[in-house]
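Input: a single structure, listed below in structure tokens.
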Amino acid sequence: IDIGFNNILTRLNEEKQKWDIKMDTIFVYDPEDKKQAEELNLWYNNFVEKPNLTEKCCLLVASRKNQDEEDGKSGHEARLSTLFSDIPRITFNGKTDEIETIKQTFVDFLKRVIVETSRGQEQDERFK
Numbered sequence: 610i611d612i613g614f615n616n617i618l619t620r621l622n623e624e625k626q627k628w629d630i631k632m633d634t635i636f637v638y639d640p641e642d643k644k645q646a647e648e649l650n651l652w653y654n655n656f657v658e659k660p661n662l663t664e665k666c667c668l669l670v671a672s673r674k675n676q677d678e679e680d681g682k683s684g685h686e687a688r689l690s691t692l693f694s695d696i697p698r699i700t701f702n703g704k705t706d707e708i709e710t711i712k713q714t715f716v717d718f719l720k721r722v723i724v725e726t727s728r729g730q731e732q733d734e735r736f737k
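Numbering (my numbering), first residue to last: 610 to 737.
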């Protein structure tokens, strides 16, 4: 069931009030869907810019729905705004040979989140 990207954003914004989500943000989108690429700016604004989250605690996951067996691309990739230029990116085409690279990128992301979270906690303790 496709409930729409905007509906998901609305629901997540409602949930944001219930949970502390200051630590990390993972953006997942179809890179061939221009509308999703444009809507990522809204996500960035709500989950990175407004809470003043560092890009070090973000990860961009481009999950392709379709693929050409020869080169891994089946269409034109939508251009992302420069907001995402410093955010690490994983592109997943559903091929098993990509798994190790994806795992390593994700582990690196988790390490950055832990380091940044520790820094934030240390600063909070100093100002108490």
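Think of the CB as a built atom: it goes at the ideal place given N, C-alpha and C, for glycine as much as any other residue.
Quick one: what's got a C-beta closer than 8 angstroms to residue i's C-beta in the same chain, skipping five residues either side?
i, result
"Ile610", "Its pLDDT being 41, under 50, Ile610 is placed unreliably in this model, and the value from its coordinates should be taken loosely. Contacts found: none."
"Asn650", "Ser690, Leu692"
"Lys643", "Ala687"
Can you tell me the Cβ-Cβ gap for residue i and residue j, rounded? I've got them flagged as a contact below 8 angstroms.
i, j, result
"Phe636", "Leu669", "5 angstroms"
"Ala646", "Arg698", "No, Ala646 and Arg698 are not in contact; Cβ-Cβ is about 12 angstroms, not under 8 angstroms."
"Asp717", "Cys666", "Not confirmed; about 12 angstroms, so no contact."
So the candidates are the options; which of them puts its Cα closest to the Cα of residue i?
i, options, result
"Glu707", "Asp642, His685, Ser672", "Ser672"
"Ile723", "Glu641, Val657, Tyr638, Thr663", "Thr663"
"Leu692", "Glu641, Asp642, Glu648", "Glu648"
"Pro640", "His685, Asn655, Tyr653", "His685"
For the beta strand (DSSP E) containing residue i, name the first residue and the last one.
i, result
"Leu649", "Segment 643–653 is the alpha helix (DSSP H) holding Leu649; no beta strand (DSSP E) there."
"Val657", "It is not in any beta strand (DSSP E) - Val657 carries neither H nor E in the DSSP assignment."
"Ala687", "Element bounds for Ala687: n/a, residue is neither H nor E."
"Thr700", "698–701"
"Cys667", "667–672"
"Thr634", "634–638"
Would you say the beta carbon of residue i is closer than 7 angstroms to some non-hydrogen atom of the ligand SAH?
i, result
"Ile708", "Ligands displayed in this structure: none; no statement on the ligand SAH is therefore possible."
Using a Cβ-Cβ cut-off of 6 angstroms (strictly less than) and excluding sequence neighbours within five positions of residue i, which residues of its own chain qualify?
i, result
"Ile630", "For Ile630, the pLDDT reaches just 43, beneath the cut-off of 50, and the residue's location in the model is therefore unreliable, although a value from the coordinates is still provided. There are no such residues."
"Ile653", "The residue asked about is misnamed: residue 653 is Tyr in this sequence, not Ile. Cβ within range, chain order: Leu692."
"Phe656", "Thr634"
"Gln713", "none"
By Cβ distance, which residues of its chain are closer than 7 angstroms to residue i, with the 5 residues on each side in sequence left out?
i, result
"Asp695", "Glu664"
"Glu725", "Thr663, Lys665, Cys666"
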